[in-house]
Amino acid sequence: TMSLWLLSAAILPDLVAEAGLGPGRAAALSSAVQIGFVVGALALAVHGTADRFDPRRVLAGSALVAAAANAALLVTPVGGALQIGLRALTGACLAGVYPVGMKIVVGWGTRDRGLLVGILVGSLTVGTALPHLLAFFGGPDWRATALLASGLAAGGGMLGLATGLGPFHARAAGLDPGALRLAWTNRRLRLAYAGYLGHMWELYAFWAWIGAAAAAAFASGLGAAAGDAARLVSFAAIALGGLLCIPAGWVADRIGKARVAQGAMLASGAAGLATAASFGGAWQLTAVLILLWGAAVIPDSAQFSALVADAAPPERAGSLMTFQTALGFTLTF
Numbered sequence: 058t059m060s061l062w063l064l065s066a067a068i069l070p071d072l073v074a075e076a077g078l079g080p081g082r083a084a085a086l087s088s089a090v091q092i093g094f095v096v097g098a099l100a101l102a103v104h105g106t107a108d109r110f111d112p113r114r115v116l117a118g119s120a121l122v123a124a125a126a127n128a129a130l131l132v133t134p135v136g137g138a139l140q141i142g143l144r145a146l147t148g149a150c151l152a153g154v155y156p157v158g159m160k161i162v163v164g165w166g167t168r169d170r171g172l173l174v175g176i177l178v179g180s181l182t183v184g185t186a187l188p189h190l191l192a193f194f195g196g197p198d199w200r201a202t203a204l205l206a207s208g209l210a211a212g213g214g215m216l217g218l219a220t221g222l223g224p225f226h227a228r229a230a231g232l233d234p235g236a237l238r239l240a241w242t243n244r245r246l247r248l249a250y251a252g253y254l255g256h257m258w259e260l261y262a263f264w265a266w267i268g269a270a271a272a273a274a275f276a277s278g279l280g281a282a283a284g285d286a287a288r289l290v291s292f293a294a295i296a297l298g299g300l301l302c303i304p305a306g307w308v309a310d311r312i313g314k315a316r317v318a319q320g321a322m323l324a325s326g327a328a329g330l331a332t333a334a335s336f337g338g339a340w341q342l343t344a345v346l347i348l349l350w351g352a353a354v355i356p357d358s359a360q361f362s363a364l365v366a367d368a369a370p371p372e373r374a375g376s377l378m379t380f381q382t383a384l385g386f387t388l389t390f
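The letter at position 117 of the sequence shown is residue 174 when you use the numbering used here, and the numbering goes up by one with no holes.
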């Protein structure tokens, strides 16, 4: 389902070429998903949706609506206001997939939550990377890429219905908007939120622009092949980070989630600085550094969310994790 997230970044060059979109319209297509996600996540957090209702149904319904909104891109004017609105709707629906999925997995354990959330975030990250790979195989026709992404999203939503709820799943009795105050009054939650905000500041700068930045860096050495190379490297970098979420989660359950998150942030910061310094040099070096940056930039995300699940009242964990993601994605604008 998360393959819908970075679809704009993957197909944006094709949209610009087809419709002659200006910088403002192109930026609107890219940012609409984030805006929709933040609005949707805030609404779900205040309402307590993931804690008050069956999260499997919330996830499945959100995924199916997101898939339909994305498929509608094929029959709307390229780059028009309607397409921007559809991307915003897609983002709002994805707020019912990512944090709601975390609510489901934390119900399956307490001592191994670093690994459980790591598996989920890793899977979502690989899904987020898929548009770059779909764009590579889909060729110049962005519509094929969009249709493939919608199909994957719909399939993911149906799988969500088949998921079980774990023995530690807790359901809230009713609406409690004041529960979100715990994000500030509970010190453990406050620190986990602060770390997550710093992580998000870097993450979406990387995810949103690495494809275009890689294409520019590869242009002098690869010429016309730079675009395809950038798509493959972007997919590999984001997917590699997703895969590393799993061993990072296993380690976090043994040495501490905060320690693993701190180490990942230090590594990704160093890799980001090195990648920036390599631009203008050998494209091969830049490609390797992009892969290292992608590997380090995401594993801390799962641990910050697992820390929230550990510190939150079980019946409010879904709302507090959703609120955490809403605040984090606000920084991506």
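Here a beta-carbon is modelled for each residue, glycine too, at the ideal position from N, C-alpha and C.
Note that the coordinates shown come from a computational prediction; the quantities given were computed from them, not determined experimentally.
Quiz item: Taking three-plus beta-carbon pairs below 8 Å as touching, is the stretch 137 to 149 in contact with the stretch 183 to 195?
Solution: The stretch 137 to 149, when compared against the stretch 183 to 195, does not touch it at the 8 Å Cβ threshold.
Exercise. Find out if the Cβ-Cβ distance for the pair leucine 346, threonine 332 is shorter than 8 Å.
Key: In this structure, threonine 332 lies closer than 8 Å to leucine 346 by Cβ.
Practice problem: My understanding is that phenylalanine 361 touches alanine 305, with C-beta atoms under 8 Å, so please give their C-beta distance in whole angstroms. | Solution: At roughly 12 Å, the Cβ-Cβ gap does not stay under 8 Å, so phenylalanine 361 and alanine 305 are not in contact.
Self-check item: Beta-carbon gap between phenylalanine 275 and alanine 287 smaller than 8 Å
Solution: Yes, the Cβ-Cβ distance between phenylalanine 275 and alanine 287 is below 8 Å.
Quiz item: For the 8 Å Cβ check, are there 3 or more pairs between the stretch 119 to 139 and the stretch 197 to 214?
Solution: By the Cβ criterion, the stretch 119 to 139 is in contact with the stretch 197 to 214, since at least three pairs of Cβ atoms, one from each stretch, lie closer than 8 Å.
Self-check item: Alpha-carbon spacing of alanine 334 relative to glycine 268, whole angstroms
Solution: Using only the alpha carbons, I get a separation of about 17 Å.
Exercise. Inspect the beta-carbon positions of methionine 257 and leucine 388 and report whether they are closer than 8 Å.
Key: At a Cβ-Cβ threshold of 8 Å, methionine 257 and leucine 388 count as neighbours.
Quiz item: Beta-carbon separation of arginine 113 and leucine 218 under 8 Å?
Solution: Leucine 218 is positioned such that its CB atom lies closer than 8 Å to that of arginine 113.
Quiz prompt | At least 3 beta-carbon pairs within less than 8 Å: the stretch 245 to 255 vs the stretch 360 to 379 | solution = Judged by Cβ distances under 8 Å, the stretch 245 to 255 makes contact with the stretch 360 to 379, as three or more pairs qualify.
Quiz item: What distance in whole Å lies between the Cβ atoms of alanine 210 and leucine 86, which are believed to be in contact at a cut-off of 8 Å?
Solution: Rounded to the nearest angstrom, the Cβ distance from leucine 86 to alanine 210 is 18 Å, too far for a contact under 8 Å.
Quiz prompt | Pairwise C-alpha distance: alanine 107 and glycine 175 | solution = Across the structure, glycine 175 and alanine 107 are spaced so that their CA atoms are roughly 19 Å apart.
Practice problem: Count the C-beta pairs between the stretch 348 to 357 and the stretch 73 to 81 that are closer than 8 Å, then say yes if the count reaches three, no if not. | Solution: The answer is no - the stretch 73 to 81 does not touch the stretch 348 to 357, with fewer than three Cβ pairs under 8 Å.
Quiz item: Tell me which same chain residues have a C-beta within less than 6 Å of the C-beta of phenylalanine 336, skipping the five on either side of it?
Solution: Counting only Cβ-Cβ distances below 6 Å, and skipping sequence neighbours, we find Ala274.
Practice problem: Leaving aside the five residues before and after methionine 378 along the sequence, list all residues of the same chain whose C-beta is less than 6 Å from its C-beta, in chain order. | Solution: Around methionine 378: Pro156, Met159, Ser362 and Val365.
Quiz item: Looking at the unbroken alpha helix (DSSP H) that takes in valine 354, where does it start and where does it end?
Solution: Segment: none, valine 354 is in no alpha helix (DSSP H) and carries neither H nor E.
Quiz item: Does the beta-carbon distance from alanine 272 to valine 95 come in below 8 Å?
Solution: No, Cβ-Cβ distance for alanine 272 and valine 95 is not below 8 Å.
Quiz item: If we call anything under 8 Å between Cβ atoms a contact, is glycine 166 one with phenylalanine 225?
Solution: Contact check for glycine 166 against phenylalanine 225 passes: the beta carbons are separated by less than 8 Å.
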